[in-house]
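Here's the structure, in structure tokens; my notes come after.
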Ligand code: ATP
Ligand code: MG
Ligand code: MG
Ligand code: MG
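In our numbering, the protein residues as written are -10 to 551.
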């Protein structure tokens, strides 16, 4: 491509409003421009890198028989009401009305659309498993859009969804996805780590996040210094110090955490184990612990039990979230997703339990007949301690260390959460209707662009690796008015193109200083400078990554590049 014909608006100055290296460099080298907070145009260079990222993703998806489709961004509110997420998703969901005053959302994710799509078309177990994916623009009205493409309000995601007749089949696809994701991030050249992000933490198989290790990461990973244990502290590591009186605890009766599939299951459990005064319950919904908190004078029987099964959930990301939760208006409740290790939930909830049920201070178990004053010394959220560096690793091996990470991928066993709510069923071998067992698998495509931009640069600008570079070769004649340079540049341009190199040919009538400054910012893997020695047929070749330079005769170029 001739540089005079493309659109690469580089900047001489470092943009003041960009706070991390990747964002600065993407702006300076003319890759992106902001349109509104968290909303960007991807200019031609960025588009080329995105295409390469997407190509790697597509190849790895197809390799595990995940099939591409494209679903609408515009989604009717009814779908979201059916799943319970119209209310539960909160302000991150971008909502709008059409001319008939009908409500719509701009998709932040596609469980509702795909579940109903498959519900209406797939009726038999014989058509399962089925895995579908798309690469598409998503919308989330993030509270704090920042770091350029890292946390946008409009961004590109690869999202896949799988449908199964059995748990075993879901497990198999999940394993495939795990491997495909590892391949993708390896091929991208990213320094990444898969971390457990879920419930059954140690050896937990319910959900993993793929984290690029980076100082600017917004997530913190807790990992063991002497085993494979690695987890996102957001989900896995809210550890509560139970200064419980052990003697008293022995009097407590341990019962299995109930499996909740239907509202009746909840009611049954309540009528067996709970009096009116219980204010905290933990349920096992499809392998995920859901904690229901009630506070104030609220009676559990009043709790909208549907919430237990609804998607309504508050993610406890930091201590402040727990505070917020507790400070919510008296009587308000909400199911809160917490990991299995979470020993006890929150102070108000605990305090208000009288001879009730508290969970789960052991995987899969509750204690009944709990008396919080007697049995637990948790009086306030200050007693709730987050895991710290130097703590023993939860898997018993080694000590915990922290690292910052950027979440670039997330794989998740959904189970029947959506299919049950959206009444998506198939007929099993016995002819019985069963809800689809599902998984979902996301990758932040535009976030990866920011993550690679962060990783692949040095003090002089980008250092694109071959598999991601917008072009393979930057061909830079110093002075096109010089006939020898002009001719050699044209010749090499055609030869390289004929050998299938992607060449950016700086044919602009700019001063050499400008050309070199732009070339530095762009950071293509190979720069071929055509200067004074053009008349002898000699060019200067610079390898961006190592900084090595060579003088090659024009006839050698193709052979030596390969
Ligand atoms: P985060 O914790 O960073 O908010 P998430 O857990 O909400 O991300 P998921 O719902 O798991 O995100 O979405 C799948 C992937 O989409 C994420 O792993 C991430 O790579 C990407 N992603 C999510 N939110 C954004 C965003 N606002 N901008 C860019 N990419 C995003
Ligand atoms: Mg998010
Ligand atoms: Mg996350
Ligand atoms: Mg996630």
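Glycine residues also receive a C-beta, built at the ideal position from the N, C-alpha and C atoms. Given the structure is predicted, the values throughout are model-derived calculations rather than measurements.
Run the proximity test for residue i: is its beta-carbon closer than 7 Å to any non-hydrogen atom belonging to ligand 1?
i: residue 576; result: An answer regarding residue 576 cannot be provided, because it is not within the stretch -10 to 551 covered by the chain.
i: residue 12; result: no
i: residue 436; result: yes
i: residue 133; result: no
i: residue 178; result: no
i: residue -10; result: no
i: residue 146; result: yes
i: residue 432; result: yes
i: residue 387; result: no
i: residue 141; result: yes
i: residue 182; result: no
i: residue 129; result: yes
Would you give the residue range spanned by the beta strand (DSSP E) that residue i belongs to?
i: residue 489; result: Unbroken run through residue 489: none, as it is neither H nor E.
i: residue 401; result: 389 to 404
i: residue -8; result: Here residue -8 belongs to no beta strand (DSSP E), and DSSP marks it neither H nor E.
i: residue 117; result: Counting along the chain, residue 117 falls outside any beta strand (DSSP E), and DSSP gives it neither H nor E.
i: residue 528; result: 527 to 532
i: residue 555; result: Coverage of the chain is limited to positions -10 through 551, which leaves residue 555 absent and any answer about it impossible.
i: residue 21; result: 21 to 25
i: residue 215; result: Note, residue 215: premise wrong, no beta strand (DSSP E); not H, not E.
i: residue 205; result: Counting along the chain, residue 205 falls outside any beta strand (DSSP E), and DSSP gives it neither H nor E.
How about residue i and residue j: are their beta carbons less than 8 Å apart?
i: residue 115; j: residue 146; result: no
i: residue 160; j: residue 122; result: no
i: residue 138; j: residue 458; result: no
i: residue 462; j: residue 517; result: yes
i: residue 83; j: residue 130; result: yes
i: residue 100; j: residue 150; result: yes
i: residue 536; j: residue 14; result: no
i: residue 426; j: residue 197; result: no
i: residue 552; j: residue 143; result: In the structure as shown, the chain starts at -10 and stops at 551, and residue 552 therefore has no counterpart that could be examined.
i: residue 173; j: residue 81; result: no
i: residue 178; j: residue 435; result: no
i: residue 155; j: residue 386; result: no
i: residue 203; j: residue 394; result: yes
i: residue 68; j: residue 107; result: no
i: residue 431; j: residue 404; result: no
i: residue 39; j: residue 21; result: no
i: residue -1; j: residue 18; result: yes
i: residue 453; j: residue 510; result: no
i: residue 113; j: residue 415; result: yes
i: residue 71; j: residue 411; result: yes
i: residue 12; j: residue 181; result: no
Quick check: does the Cβ of residue i come within less than 7 Å of any heavy atom belonging to ligand 3?
i: residue 393; result: no
i: residue 2; result: no
i: residue 100; result: no
i: residue 396; result: yes
Output the boundary residues of the alpha helix (DSSP H) element that contains residue i.
i: residue 51; result: 33 to 52
i: residue 139; result: Here residue 139 belongs to no alpha helix (DSSP H), and DSSP marks it neither H nor E.
i: residue 416; result: Element bounds for residue 416: not the alpha helix (DSSP H) but the beta strand (DSSP E), 414 to 416.
i: residue 506; result: 501 to 511
i: residue 17; result: 10 to 17
i: residue 497; result: First-last for residue 497: undefined, no H or E at that position.
i: residue 1; result: Per DSSP, residue 1 belongs to no alpha helix (DSSP H) and is neither H nor E.
i: residue 548; result: 546 to 550
Please tell me whether, using a cut-off of 7 Å, the distance from the CB of residue i to the nearest non-hydrogen atom of ligand 4 is below it.
i: residue 399; result: yes
i: residue 43; result: no
i: residue 81; result: no
i: residue 198; result: yes
| Within the segment 429 to 488, ranges of the beta strand (DSSP E) (whole runs, at least 3 residues) | 462 to 466
| message | To test your reading of the DSSP string, which unbroken beta strand (DSSP E) runs of 3 or more residues are found completely within the segment 153 to 203? | response | 181 to 185 and 196 to 202
| query | What are the complete alpha helix (DSSP H) segments, minimum 4 residues, inside the segment 64 to 140? | reply | 66 to 72, 74 to 77 and 100 to 110
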